[in-house]
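Quick note, the sequence shown lines up with residues 88 to 147 if you use my numbering. All residues carry an ideal CB built from backbone N, CA and C; glycine is no exception.
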Amino acid sequence: MLTMKTDIQKGTTNRRFSRIYIGLASPDKILEWSHGEVLKPETINYRSYKPEKDGLFCEK
88 MLTMKTDIQK GTTNRRFSRI YIGLASPDKI LEWSHGEVLK PETINYRSYK PEKDGLFCEK
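What follows is the structure, given as structure tokens:
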């Protein structure tokens, strides 16, 4: 799968599609895509309203 960034770097032109298919992912596929670990039960800092590091809403 090429991203727009790699297309621009390679100097390729835009591709045209006649159709695109969208479907639901199976539970097994969702588990395959998921990863990560919650190391602390904290969610958001009540003073700064920012996610706590290694907490539930950490983007790592």
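{"Asked": "Give the straight-line distance between the Cα atoms of residue 105 and residue 122, rounded to the nearest whole angstrom.", "Found": "34 Å"}
{"Asked": "Taking DSSP as the reference, what is the three-state secondary structure of residue 138?", "Found": "strand"}
{"Asked": "With DSSP as the reference, identify every bridge partner of residue 131, one or two as the case may be.", "Found": "138"}
{"Asked": "For residue 126, which option in 120, 114 and 140 has the closest C-alpha, if you only look at C-alpha atoms?", "Found": "140"}
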